[in-house]
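Novice: Questions regarding the structure given below will be posed in turn.
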């Protein structure tokens with residue numbers, strides 16, 4: 001990584017590079033109960049922050065928070081930090097300030 005803080009990588013096609021938020025260790029429930037990392041839970045999605053995108057990516061931008069399935073990922077280490085490489089289609093949701101709050105866009 002250089003002085004500008006940019007990653008020494010250029011993403012191609014529909015690839016998205018994300019940085020995981022928090023640790024995959026123990027967590028707390030809404031009521032304050034500590035849930036150990038070894039506890040068996042159903043399929044749990046993970047949040048991450050977008051740090052780089054390929055030229056064909058249209059729905060996410062840098063610094064967006066995205067929701068993805070941690071089982072469908074490839075990990076890479078850059079500058080002694082771990083990142084996750086995803087395809088844009090593997091992202092389930094985007095949480096960003098630019099996303100309108102007016103509705104889901106679904107026709108029911």
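Numbering (full-length UniProt numbering), first residue to last: 1 to 108.
Here a beta-carbon is modelled for each residue, glycine too, at the ideal position from N, C-alpha and C.
Remember, predicted model here, so these are calculated numbers, not experimental data.
Looking at residue 60 and residue 84, is the spacing between their C-beta atoms short of 8 Å?
Specialist: The answer is no: Cβ separation not under 8 Å.
Novice: Residue 11 and residue 48 look like a contact to me (Cβ under 8 Å); what is the Cβ gap, rounded to whole Å?
Specialist: Rounded, the Cβ-Cβ distance is 14 Å, inconsistent with contact.
Novice: How about residue 127 and residue 14: are their beta carbons less than 8 Å apart?
Specialist: The structure shown does not extend to residue 127, since the chain is modelled only from 1 to 108, so the question has no answer here.
Novice: Excluding sequence positions up to five away, which residues of its chain have a Cβ less than 8 Å from the Cβ of residue 87?
Specialist: Once the five neighbours on either side are set aside, the close Cβ partners of residue 87 are 14, 15 and 16.
Novice: With distances taken from CA atoms, which of 54, 74 and 67 is nearest residue 136?
Specialist: Because the chain in this structure spans residues 1 to 108, residue 136 falls outside the shown range and cannot be described.
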